[in-house]
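Below is one structure, written out as structure tokens; the observations come after it.
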Amino acid sequence: MGLLLTCFAANQAHAQVFNQIYVVMTTGSDDLRGGNHAFISVNFSDGTSTDEVALTTNSAATGSFGQNGVVSGVWTFQDEEDFSKISGVTIRHDGSPRAGNPFDTYDNWDLKAIRISALTDGSGPRGVNIYNSRNDSNHRTNVIRFTGDARSIVLAKQ
Numbered sequence: 005m006g007l008l009l010t011c012f013a014a015n016q017a018h019a020q021v022f023n024q025i026y027v028v029m030t031t032g033s034d035d036l037r038g039g040n041h042a043f044i045s046v047n048f049s050d051g052t053s054t055d056e057v058a059l060t061t062n063s064a065a066t067g068s069f070g071q072n073g074v075v076s077g078v079w080t081f082q083d084e085e086d087f088s089k090i091s092g093v094t095i096r097h098d099g100s101p102r103a104g105n106p107f108d109t110y111d112n113w114d115l116k117a118i119r120i121s122a123l124t125d126g127s128g129p130r131g132v133n134i135y136n137s138r139n140d141s142n143h144r145t146n147v148i149r150f151t152g153d154a155r156s157i158v159l160a161k162q
């Protein structure tokens with residue numbers, strides 16, 4: 005019994021846990037306008053996900069969601085999670101018209117490229133890769149064009 009507990013404790017000590025992700029996004033020719041929001045959640049092999057974190061309201065992020073703009077930053081989740089249990093991520097776009105702007109319509113947004121890494125202990129400032137569109141032949145030149153009909157995408161862990 006003592007050996008079993010020792011092995012369990014050793015495995016727990018070596019688990020790569022994270023509660024932050026580093027994201028770099030490139031917007032294509034259709035920007036993300038004011039009043040629009042983008043969210044990310046991390047999905048796990050047991051079917052659960054983290055709570056969504058707003059990609060568009062991170063005061064520590066740098067860059068612009070304008071045409072062909074690049075935004076990068078670190079986003080924090082409430083709980084620490086086990087990196088080995090990640091199955092992928094979900095990106096969701098909410099381009100609803102803004103209240104008080106009667107001429108707004110549902111906006112489109114081109115997500116041209118994205119790189120997502122988990123910041124685990126000892127992983128360094130760029131973290132451990134979860135997904136990089138450059139490594140995905142289906143999304144190498146364009147990840148998705150979000151529209152009123154296409155509002156989310158699930159990207160599998162690489």
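Each residue of the sequence shown is one higher than the one before, counting from 5 in my numbering.
Glycine included, every Cβ here is placed at the ideal spot set by N, Cα and C.
Check: 6 angstroms CB neighbourhood of T10 in its chain, flanking five on each side removed; Outcome: Here T10 scores only 44 on pLDDT, less than 50, and its place in the model is too uncertain to base an answer on.
Check: Residue interval of the beta strand (DSSP E) (run including F81); Outcome: 74 to 86
Check: Outcome for T80 when other beta-carbon atoms lying within 10 angstroms are tallied against a minimum of 16; Outcome: exposed
Check: Bounding residues of the beta strand (DSSP E) (the contiguous stretch that carries D34); Outcome: Element bounds for D34: n/a, residue is neither H nor E.
Check: Rounded C-alpha distance that separates L36 from Y110; Outcome: 11 angstroms
Check: Sequence-distant residues of its chain with Cβ nearer than 6 angstroms to L165 (five each side left out); Outcome: A question about residue 165 goes unanswered here, because the residues of the chain that appear run from 5 up to 162.
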